[in-house]
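Contents: one structure, followed by commentary.
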Amino acid sequence: MQIFRFAARLKKNAARGKHPNLLNKKSLAMIFEKSSTRTRVSFETGISQLGGHALFLDGNDIQLKRGETIVDTARVLSRYVDGIMIRTFSHQNVVELANSASIPVINGLSDTFHPCQALADFFTIYEREESLSGVTLAYVGDGNNVANSLIQCAALLGVNISVACPSDYTPDASVIEESQRLASASGSSLEITPDPHKAVKDADYVYTDVWISMGEEQAAAKKKKILSKYKITKNLLASCKKNCMVMHCLPAHRDEEIEGDILDSDRSIVFDQAENRMHVQKAIMCALMRR
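Every position in the sequence shown, counted from 1, becomes a number in my numbering once 35 is added.
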């Protein structure tokens with residue numbers, strides 16, 4: 036919760052045109068094996084606002100694709116910069132980079148987790164509710180990296196979460212097991228169900244994500260067919276609380292996983308989520324890189 040309170044202060048200052056020089060002369064290396072709009076712009080703008088500098092590194096800029104190991108890359112970058120953010124496919128790359136670097140490593144996304152997104156999402160809810168106690172979040176669709184991180188964060192923060200997904204696309208089993216234990220400790224609940232109407236019944240917030248992630252294009256037809264019953268529609272939202280809000284981490288495939296007009300409705304807070312990526316990540320960078 037300290038991250039949320041700090042992010043709220045940074046956001047309030049930014050709205051007034053005030054940007055404290057908290058990361059003055061700090062450098063962040065950003066490794067992108069997966070392209071992104073929100074991740075790059077939010078990190079790059081965020082550290083710049085706080086007086087630091089970001090270096091964008093894709094496959095053509097570094098030697099990973101030419102055979103240099105992650106271990107050596109981590110050791111070299113540790114001599115140059117103050118932090119590393121990586122957006123990659125295999126989560127093992129994040130783990131290996133973090134274990135080998137002598138500076139902080141931030142997971143900007145892996146195939147298993149998307150923690151910065153989940154933190155921004157719960158900060159968005161925190162802003163609206165002023166407390167996360169008693170909040171219920173429903174996630175509907177593919178049990179992917181975003182779902183894994185939402186489940187973990189919900190359990191840690193004491194948020195009730197219900198995940199509706201087909202049996203072929205459930206969240207990671209080890210994540211579910213760990214999160215069940217954490218939820219018991221925090222007094223929250225975690226439910227996995229194949230029924231989207233059941234999942235959203237008591238929800239304060241309904242969340243979805245794209246069905247086809249980067250690297251899954253060959254399985255697109257199969258996934259779309261299986262997930263077709265998990266589309267966010269006005270009919271589905273009729274099953275949830277009257278004032279339930281809709282969330283999506285973006286980019287959205289309009290009229291695929293969610294009806295396009297829902298994204299543009301008063302129930303949608305998706306662009307608040309997108310903005311809050313920057314403020315939460317600023318707080319994360321300050322927490323890690325000011326040591």
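Don't be surprised by glycine CBs; every beta carbon is placed ideally from N, CA and C. Please read all numbers here as calculations on a predicted model, not as lab measurements.
Query, Result
"Check whether the Cβ atoms of Ser214 and Asn195 sit closer than 8 Å, and answer yes or no.", "no"
"Assuming Asp244 contacts Cys279 under a Cβ cut-off of 8 Å, what Cβ separation, rounded to an integer in Å, is found between them?", "At roughly 17 Å, the Cβ-Cβ gap does not stay under 8 Å, so Asp244 and Cys279 are not in contact."
"What first and last residue would you give for the beta strand (DSSP E) that runs through Val129?", "Counting along the chain, Val129 falls outside any beta strand (DSSP E), though it belongs to the alpha helix (DSSP H) covering 126-135."
"Taking only three categories from DSSP, how would you classify His283?", "strand"
"Excluding sequence positions up to five away, which residues of its chain have a Cβ less than 8 Å from the Cβ of Thr80?", "Met313"
"Give me the DSSP bridge partner(s) of Asn142.", "Ile121"
"So, for Pro150: in the same chain, excluding its five sequence neighbours on each side, which residues have a beta-carbon less than 7 Å away from its beta-carbon?", "Asn142, Ser184"
"Between the alpha carbons of Gly176 and Ser263, how many angstroms are there, rounded?", "9 Å"
"On the CB-based measure, 16 or more other CB atoms within 10 Å of its CB, does Ser137 come out buried or exposed?", "exposed"
"Can you list the alpha helix (DSSP H) stretches of 4 or more residues lying completely in the segment 251-305, in chain order?", "255-262, 269-272, 295-298"
"From Ile160 to Leu167, what distance separates their C-alpha atoms?", "7 Å"
"Taking DSSP as the reference, what is the three-state secondary structure of Val175?", "strand"
"How many angstroms separate the CA atom of Arg163 from the CA atom of Tyr240?", "11 Å"
"Kindly indicate which residue of Arg110, Lys61, Arg289, Thr123 has the alpha-carbon position closest to the one of Leu90.", "Lys61"
"Name the one or two DSSP bridge partners that Glu68 has.", "Its beta-bridge partners do not exist; DSSP assigns none."
"Need the endpoints of the alpha helix (DSSP H) that Phe157 sits in, please.", "150-164"
"Considering only C-alpha positions, which residue in the set Leu45, Asp93, Lys69, Leu192 is nearest to Gly250?", "Lys69"
"Measuring straight from C-alpha to C-alpha, what distance separates Thr72 and Gln152?", "13 Å"
"Does Ala238 come out as helix, strand or coil in the three-state DSSP assignment?", "coil"
"Quick one: grab the DSSP three-state call for Ser184.", "helix"
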